[in-house]
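Residue numbering for the sequence shown follows the numbering used here, beginning at 23 and increasing consecutively.
Ideal placement from N, C-alpha and C gives every residue a C-beta, glycine not left out.
Okay, so here's the structure we're looking at.
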Amino acid sequence: MIWLAVAAVAIVSFVSIGYSINARRKLHLHQRQYEALINVLRNEIQALTSSSIGMGHRLMDVENKLNITAEKQQELANRDPGVLAYNQAARLMEMGADVDDLVKNCGIGRPEAELMALLHKEIAAPDNRN
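Encoded structure:
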């Protein structure tokens with residue numbers, strides 16, 4: 023009878039060892055699969071990071087070029103006194119100045135001031151054309 027109990031315990035032990043070995047193999051297989059997946063994801067993250075850094079550098083270059091262009095445009099506008107007079111006249115027109123005010127304050131001729139007033143009225147009331 024003891025031999026039967028010992029045999030039963032031995033059989034249960036061997037079955038348990040077999041299940042343990044099988045579970046361990048599956049565990050190692052899953053671990054290798056997960057490590058491979060982690061490496062793939064790590065490489066994708068690295069590629070995305072590199073591309074976003076490159077895009078950031080390009081964006082900064084574009085921003086610098088835009089700032090330089092804006093500065094040059096402002097310099098060109100400041101060099102031409104006629105442009106300054108017309109810019110000032112346009113601002114005064116937006117604030118409600120009339121033709122006489124433009125002639126007096128901006129140093130432009132009456133025909134130019136009248137033309138600016140006419141253009142300002144056309145721009146200010148586009149719905150009245152229909």
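- For the pair Pro-133 and Glu-93, the Cα-to-Cα distance works out to about 32 Å.
- Straight-line measurement puts the Cα of Met-23 at about 44 Å from the Cα of Gln-53.
- Within the segment 55-135, complete alpha helix (DSSP H) segments of at least 4 residues are found at 103-116, 121-128, given in chain order.
- Using a Cβ-Cβ distance cut-off of 8 Å, the segment 81-95 and the segment 108-122 are not in contact, since fewer than three pairs of beta carbons, one from each stretch, lie closer than that value.
- Beta-carbon to beta-carbon, Tyr-108 and Ile-130 are separated by about 7 Å, close enough to satisfy the 8 Å threshold.
- Put simply, the backbone Cα of Met-138 is about 13 Å away from that of Met-117.
- Just so you know, the alpha carbons of His-50 and Glu-57 end up roughly 10 Å apart.
- The C-beta distance from Val-125 to Ala-112 rounds to 14 Å, too long to meet the 8 Å contact threshold.
- Here Met-77 is exposed, its C-beta having fewer than 16 other C-beta atoms within 10 Å.
- In the three-state reduction of the DSSP assignment, Ala-147 falls in the coil class.
- Straight-line spacing of the CA atoms in Val-34 and Leu-26 works out to 12 Å.
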